[in-house]
Amino acid sequence: MWPAFINWWSMPAGGQTAMNYWEAKPDLIAFVKEFENQAGREIKPFKLHVDIVYTGLKEPIEVNNQFIIMPIKAEYLLKKNWWVKRFKEHY
Numbered sequence: 000m001w002p003a004f005i006n007w008w009s010m011p012a013g014g015q016t017a018m019n020y021w022e023a024k025p026d027l028i029a030f031v032k033e034f035e036n037q038a039g040r041e042i043k044p045f046k047l048h049v050d051i052v053y054t055g056l057k058e059p060i061e062v063n064n065q066f067i068i069m070p071i072k073a074e075y076l077l078k079k080n081w082w083v084k085r086f087k088e089h090y
């Protein structure tokens, strides 16, 4: 399977291109600033690692306050309200 995966990964519309798109798409800094404006305070220190998984997950797995494993789904990655709610719960 490895050669087939490498071929798919390297295609013009393959896995690497898709991952680059989704990794750049959510504007988490804007979501953090929105939360800070609503809360009237800064999140300090703020450090969040997000691993994006291309297949297999139906919803995010929050490993801890600073680490999330995310599926490639716009309903989580692009929804400001989902992120702001998460920040309210954890920060």
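Just so you know, we're using numbering that gives the first Met the number 0 here: the sequence shown kicks off at 0 and counts up by one.
C-beta atoms are modelled at their ideal positions from N, C-alpha and C, and glycine is treated no differently.
N-terminal and C-terminal residue of the beta strand (DSSP E) that residue i is part of
i, result
"proline 113", "For residue 113 there is no data in the structure shown, the boundaries of the chain being 0 and 90."
"isoleucine 42", "Neither: isoleucine 42 is in no beta strand (DSSP E) and is coded neither H nor E."
"threonine 58", "The question names threonine, but residue 58 in the sequence shown is glutamate. No beta strand (DSSP E) contains glutamate 58, which DSSP labels as neither H nor E."
Residues bridged to residue i (per DSSP)
i, result
"aspartate 50", "Ile68"
"asparagine 36", "Paired residue(s): none; asparagine 36 is not in a bridge."
"asparagine 63", "Phe66"
Cβ neighbour criterion (16 or more within 10 Å) applied to residue i
i, result
"phenylalanine 4", "exposed"
"phenylalanine 30", "buried"
"tryptophan 82", "buried"
Residue i versus the options, residue with shortest Cα-Cα distance
i, options, result
"isoleucine 68", "Lys79, Ala29, Glu88, Gly55", "Gly55"
"histidine 89", "Asp26, Lys72, Met18, Lys46", "Lys46"
"valine 49", "Leu76, Lys43, Ile42, Phe66", "Phe66"
"tyrosine 75", "Lys43, Lys24, Lys87, Lys32", "Lys24"
"asparagine 64", "Lys78, Pro70, Pro44", "Pro44"
Endpoints, alpha helix (DSSP H) assigned at residue i
i, result
"proline 2", "1 to 9"
"leucine 77", "That residue, leucine 77, is in no alpha helix (DSSP H); it is neither H nor E in DSSP."
CB contact below 8 Å: residue i versus chain C
i, result
"phenylalanine 86", "Of the protein chains in this structure there is only one, and it is not chain C."
Heavy atom of the ligand SAH within 7 Å of residue i beta-carbon
i, result
"glutamine 15", "Summarising the ligand content, the structure contains no ligands, and the ligand SAH is consequently not present."
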